[in-house]
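Some notes on the structure that comes next.
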Amino acid sequence: MSIDLLKYDNSWYSPGRGFLVRGLWFIVNACVLRNGLNASSFLKVLALRMFGARIGSAVVIKPGVNVKYPWNLEISDRVWIGENVWLDSLAPIRIGRNVCVSQGAYLCTGNHNWSSPGFDLIVKPIAIKDGAWVAAHALVGPGVTIGEGAVLEPEVSRPRISRHGRSTLACLPQRYAAGSLVRTEGGVGRDSSEAEECVTPERPLLWNRNRSPGAASTAVRRDRGTSPSTKCSSGNERIA
Numbered sequence: 012m013s014i015d016l017l018k019y020d021n022s023w024y025s026p027g028r029g030f031l032v033r034g035l036w037f038i039v040n041a042c043v044l045r046n047g048l049n050a051s052s053f054l055k056v057l058a059l060r061m062f063g064a065r066i067g068s069a070v071v072i073k074p075g076v077n078v079k080y081p082w083n084l085e086i087s088d089r090v091w092i093g094e095n096v097w098l099d100s101l102a103p104i105r106i107g108r109n110v111c112v113s114q115g116a117y118l119c120t121g122n123h124n125w126s127s128p129g130f131d132l133i134v135k136p137i138a139i140k141d142g143a144w145v146a147a148h149a150l151v152g153p154g155v156t157i158g159e160g161a162v163l164e165p166e167v168s169r170p171r172i173s174r175h176g177r178s179t180l181a182c183l184p185q186r187y188a189a190g191s192l193v194r195t196e197g198g199v200g201r202d203s204s205e206a207e208e209c210v211t212p213e214r215p216l217l218w219n220r221n222r223s224p225g226a227a228s229t230a231v232r233r234d235r236g237t238s239p240s241t242k243c244s245s246g247n248e249r250i251a
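Its first residue numbered 12, the sequence shown is counted upward by one per residue in the numbering used here.
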């Protein structure tokens, strides 16, 4: 099925504020947040709060950060936002406590259904749980929940997009049960006998629990007939 961009229609989408407020934010965002000469986290937090963002205490925001719509942004206490992070908040972005979002990371809440002739807009929220680390230049797609304590490697946390517009993220919400670091296609987490399952729409990514204590775990791919999960967060699914 071919795409015809003349059929594109996002009239259903509401950005949450009127044209004047969005225009004013565009100017403030460029002068205060994206300005590489402004090193003051206080001024950035103040500007975000003035436009409806919910920001906790001890939040550090480095220069060059870009925020689409601050009224869709919620940041808890003791969060670090690195240089040139893009918070593309067409839909809500919620960041938990003690989270580090490293430089150049892209949190994208918007997507398109490429199987539709009209290239339909898709917007879904992003949630990052307490203690997670989004590493430099990682991409977090719409509808993704990053589990508590999860670590995403650079440029590997891309969402898998199905032909029905569903997006998920292969990541490991980790528990600190053992000390070994393990790798998957979607990220890094600590080895745990109780690691939850993270899936893509087509083929689930499962963790191999058949190993000696403390040994590095290996990720295996396995086709299953069960319906895929659309998130990767602590407590969603467990491997029997």
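The C-beta atom is built at its ideal place from N, Cα and C for all residues, glycine as well.
When burial is assigned at 16 or more other CB atoms within 10 Å of the CB, is Asp99 buried or exposed?
It counts as buried.
List the residues that DSSP assigns as beta-bridge partners of Glu85.
Listed as beta-bridge partners of Glu85 by DSSP are Arg65, Arg105.
Excluding sequence positions up to five away, which residues of its chain have a Cβ less than 6 angstroms from the Cβ of Tyr293?
Missing from the structure shown is residue 293; the chain here goes from 12 to 251 and no further.
In whole angstroms, give me the CA-to-CA distance for Ser87 and Gly34.
Ser87 and Gly34 have their C-alpha atoms roughly 26 angstroms apart.
What are the boundary residues of the beta strand (DSSP E) that includes Gly121?
Element bounds for Gly121: 121-124.
Might you give, ordered along the chain, the residues of its own chain that have their beta carbon closer than 6 angstroms to the beta carbon of Ala64, omitting 5 neighbours on each side?
These residues qualify, in order along the chain: Pro81, Leu84.
Best match in Thr156, Trp125, Lys135, Pro136 for proximity to Leu16 [C-alpha to C-alpha]
Out of Thr156, Trp125, Lys135, Pro136, Trp125 has the C-alpha closest to the C-alpha of Leu16.
Compare the C-alpha of Cys119 against each of Asn40, Pro136, Tyr24, Ala146 and name the closest.
Measuring from the Cα of Cys119, the nearest candidate turns out to be Pro136.
Determine the contact status of Val90 and Leu59, defining contact as a CB-CB distance below 8 angstroms.
Leu59 is positioned such that its CB atom lies no closer than 8 angstroms to that of Val90.
DSSP three-state assignment for Leu54, whether helix, strand or coil
Here Leu54 sits in helix by DSSP.
Can you give the Cα-Cα distance for Leu163 and Phe62, rounded to whole angstroms?
When rounded, the distance between both Cα atoms is 29 angstroms.
Grab me the residues of Ala146's own chain with a C-beta within less than 6 angstroms of its C-beta, minus the 5 sequence neighbours each way, in chain order.
So the qualifying residues of the chain are Ser113, Leu163, Glu164, Pro165.
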